[in-house]
Amino acid sequence: MSLAQSLTSPRKLKNLYPIGAQTIESINKFNKTVKSIIQGEDSRKLLILGPCSVHSSSEFLHYAQKFKELQLQVEERFFCVLRVYIEKPRSCLGWKGMLYDPYLDGSYDLEAGLRECRKLLVKLADMHIPLAMEFLEPLTSVYFQDLISWGSIGARTSSSQIHRQMSSRLNCAVGFKNATDGNIDVACAGALSSSKPHVFFGTDDMGMLSKLSSKGNSYAHLVLRGSYEGSNYNVDAIGHGLRTLAAFGLRQRMIIDCAHGNSAKTIQGQLRAFQNIAQQWTSGADYIVGAMLESYLASGRQELREQVDLKEGLSITDPCLSFEQTQEAVFQAYESLSSIYVKESSSRVEDSKVPLLQ
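Just so you know, we're using our numbering here: the sequence shown kicks off at 121 and counts up by one.
#1: Pick helix, strand or coil for E444, following the three-state DSSP scheme.
#2: Looking only at DSSP bridge pairs, what is H105 linked to?
#3: Where do the N-terminal and C-terminal ends of the beta strand (DSSP E) with C237 fall, by residue?
#4: Quick one, which of K134, F180, G140 and R203 has its alpha-carbon nearest L166's?
#5: Can you list, in chain order, the residues of its chain whose CB lies under 6 Å from that of D246, leaving out five sequence neighbours each side?
#6: Could you check where the alpha helix (DSSP H) with A309 kicks off and where it finishes?
#7: Would you identify the three-state DSSP class for G217, choosing helix, strand or coil?
#8: Assuming L370 and Y407 make a contact with CB atoms under 8 Å, what is their CB distance in whole Å?
#9: How many angstroms separate the CA atom of S227 from the CA atom of T277?
#10: Would you kindly report the start and end of the unbroken alpha helix (DSSP H) that includes G361?
#11: Three or more beta-carbon pairs under 8 Å between the segment 129-148 and the segment 353-362, yes or no?
#12: Is it the case that the segment 205-218 contacts the segment 182-191, given that we only count it when at least three CB pairs across the two stretches are under 8 Å?
#13: Return the chain-ordered list of same chain residues with a C-beta closer than 8 Å to the C-beta of Y220, the five sequence neighbours on each side being excluded.
#14: Skipping 5 residues on each side, what residues in its chain have a beta carbon closer than 8 Å to that of D471?
#15: Is it the case that the Cβ atoms of Y263 and L136 are separated by a distance below 8 Å?
#16: Could you compute how far the alpha carbon of W270 sits from the alpha carbon of F255?
#17: Is V319 near I375, with beta carbons less than 8 Å apart?
#18: Can you list, in chain order, the residues of its chain with a C-beta nearer than 6 Å to that of R421? Leave out the 5 residues immediately preceding and following it.
#19: For the pair the segment 324-337 and the segment 379-390, tell me if three or more CB-CB distances fall below 8 Å.
#20: Which two residues bound the contiguous beta strand (DSSP E) that contains A411?
#21: Among the residues of its own chain, which have a CB less than 8 Å from the CB of R235, if the five just before and after it don't count?
#22: Determine the DSSP secondary structure at K473, reduced to helix, strand or coil.
#23: For E179, which residues of its own chain have a beta-carbon under 8 Å away from its beta-carbon, when the five flanking residues on both sides are left out?
#24: D325 and P171: beta carbons closer than 8 Å?
#25: Helix, strand or coil for G327 per DSSP?
#26: The beta strand (DSSP E) spanning G271 covers which residue range?
#27: For R373, count neighbouring C-beta atoms within 10 Å of its own C-beta (all shown protein chains included) and say buried if the count is 16 or more, exposed if not.
#28: Is R197 buried or exposed, if buried means 16 or more other CB atoms sit within 10 Å of its CB?
#29: Have a look at P250 and Q125 and give me their C-alpha separation to the nearest angstrom.
#30: Indicate the three-state DSSP secondary structure (helix, strand or coil) for K201 in the structure shown.
#31: Does the distance from the C-beta atom of V343 to that of D305 stay below 8 Å?
#32: DSSP has G350 in a bridge; who is on the other side?
#33: Compute the Euclidean distance between the alpha carbons of L413 and I168, then round it to the nearest angstrom.
#34: Count the other C-beta atoms from every protein chain shown that fall within 10 angstroms of the C-beta of Q478, then say buried if there are 16 or more, exposed otherwise.
#35: Is S287 closer than 8 Å to G330 when the C-beta atoms are compared?
#36: What are the residues that DSSP puts in a beta bridge with L417?
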């Protein structure tokens, strides 16, 4: 017979790892900034940076400090959001993330996973860093959603009614990724569905099954992440994405995930994708409001094996850019965007010198 074990309620965990007034204020500010960028009210671009998955809190906090330094250096052109993915979707089998298996040993101590993830997210929020995560397990979203400024619904769940309902109730902007086969319609349908009110089953702050209602999330949007057939970040693919958004009556704004199918899960593929997006930005592609890069301390990945010591700073899921590679790519994009702003500013100055015809 299968076993059932009670877990800490969301309210109890929030009381154990609370967020203070200053942190709440900064999270609210971050949420507004992300939404302003998606709406086109803020001309900066979103950069969602961080490892494929989090497996070590201490290592990740070291990465977060580096991230914050980079964030401050490029804030004039970019609004950087830290990717904190505590759970991983699996096509078949594999490690499901810190939330499920925080000790990396197959013990599946879910209680410890809840506590460790909440504790880490609060520490990061107290550093006044905007946070992003994939909402994979709807039942646990209530434990973490108060800390998140951008959420994603992955390629395997964009068509899920349960995830669309959950997204409609989140306070943060939510990106729906195209399906693994490249289908964009399911992501656009997901964004449209989550923008509307819903009534559905869910858990309340006490962990009880409840009737939940939502007003809809008007900041749901499309994320292009490629497919197993290839990338979808070129001009033609993005044009198709814009037409699909228009057909669904959605805001023509999107984010490009430079990893996954857009990189063939390679380091060089990610860099090529990001360089391409930066070029499109300098050509005036304002409908691309942001990009995602999988980035960590060291370049590459490693296998998670029993009784084999892990190398520090190296991803145990998909390959990531090193922090140095990330920094170089972001600085190059920053310089490209800055040169455009300088040209536009100079042009406006010259125009102001033209005498009016009498």
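Positions of the beta carbon are idealized from the N, C-alpha and C atoms, including for glycine.
Judging by the given coordinates:
#1: helix
#2: The displayed coordinates of the chain run from 121 to 478. Any statement about residue 105 would go beyond what the structure contains.
#3: C237 -> not in any beta strand (DSSP E); alpha helix (DSSP H) instead, spanning L230 to D246.
#4: R203
#5: Once the five neighbours on either side are set aside, the close Cβ partners of D246 are T143.
#6: D305 to S314
#7: coil
#8: The C-beta distance from L370 to Y407 rounds to 12 Å, too long to fall under 8 Å, and the pair is not in contact.
#9: 26 Å
#10: V355 to A367
#11: Taking 8 Å as the limit for Cβ pairs, the verdict is that the segment 353-362 does not touch the segment 129-148.
#12: no
#13: E207, Y228, L230 and G233
#14: The pLDDT assigned to D471 is 49, lower than 50, so where the model puts this residue is not dependable; a value taken from the coordinates is nonetheless given after this. There are no such residues.
#15: no
#16: 10 Å
#17: no
#18: S435 and P439
#19: no
#20: I408 to E414
#21: T128, L133, L136 and Y137
#22: Legend: pLDDT at K473 = 45, less than 50; position of this residue unreliable, value from coordinates given subsequently. Of the three classes helix, strand and coil, the one that applies to K473 here is helix, per DSSP.
#23: L417, E432 and G433
#24: For the 8 Å CB-CB criterion, D325 and P171 do not form a contact.
#25: In the structure shown, G327 sits in coil (DSSP, three-state: anything other than H, G, I, E or B).
#26: W270 to I273
#27: buried
#28: buried
#29: Taking the straight line joining both Cα atoms gives about 33 Å.
#30: The amino acid at residue 201 is misidentified as Lys; the sequence shows Val. Reduced to three states, the DSSP call for V201 is strand.
#31: No, they are not a contact pair.
#32: S347
#33: Taking the straight line from one Cα to the other gives about 6 Å.
#34: Unreliable positioning characterises Q478 in this predicted model, as indicated by a pLDDT of 34, which lies under 50. The coordinate reading is nonetheless provided below. Q478 comes out exposed.
#35: Correcting the residue type first, residue 330 is Ser in the shown sequence and not Gly. No, these two residues do not count as a Cβ contact at 8 Å.
#36: None; L417 has no bridge partner.
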